[in-house]
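Numbering (full-length UniProt numbering), first residue to last: 1 to 221.
Note that beta-carbon positions come from the ideal geometry of N, C-alpha and C, so glycine has one too.
Accompanying notes for the structure given below.
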């Protein structure tokens, strides 16, 4: 049985010869959507290779082009690459000097649509309202945390309107105190912290971890 790479090449080749999506789906025991996706990705790859060959022919391969090349291999999209350029990451050496978390953050940024970010914010606010009474938080009177965490420069490089996602430290403190008082267990705290981590960037994650460790150290006998 051929490996996936060989199989996909066979599918593309047979599609070029005139076989229909339905025929290929039946032959390879796949759905039509999978066949269409394989053909689409191959066309994108061919277009990218042609683009690189054109640049090489024009002797226009420079550091930024090499970075673009590597970024494509890492499956970065256009907005992710724009974020790299905004951070002045214009060479492969600089890219490789980034931490794995930084690279993941930049790559994920390009995938997060404005709609997804808004959905996360709405879900977060709903969750806050659900737990407001449990922890005695007056949402209307609680000062919003808007100046504790600096908005990432990466965020500003996105073409879509800027959306600032902040960590509510007061909520985290309330959760920790609730665990100390036996109102909820540590698993609930971990679950809520994990959800909070999903809403913020890696720099903010480190801040929350520091806050939690600080609170725990203060409560140690």
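Test item: CB-CB of residue i and residue j under 8 Å
i          : j          : result
residue 38 : residue 21 : no
residue 9  : residue 15 : no
Closer than 7 Å: residue i CB and nearest the ligand ZN heavy atom
i          : result
residue 29 : The model depicted lacks the ligand ZN and carries no ligand whatsoever.
Span of the alpha helix (DSSP H) around residue i
i          : result
residue 30 : From DSSP, residue 30 is part of no alpha helix (DSSP H); its letter is neither H nor E.
residue 6  : 4-16
Beta-carbon proximity list for residue i, same chain, < 8 Å, skipping 5 on both sides
i          : result
residue 12 : 38, 39 and 42
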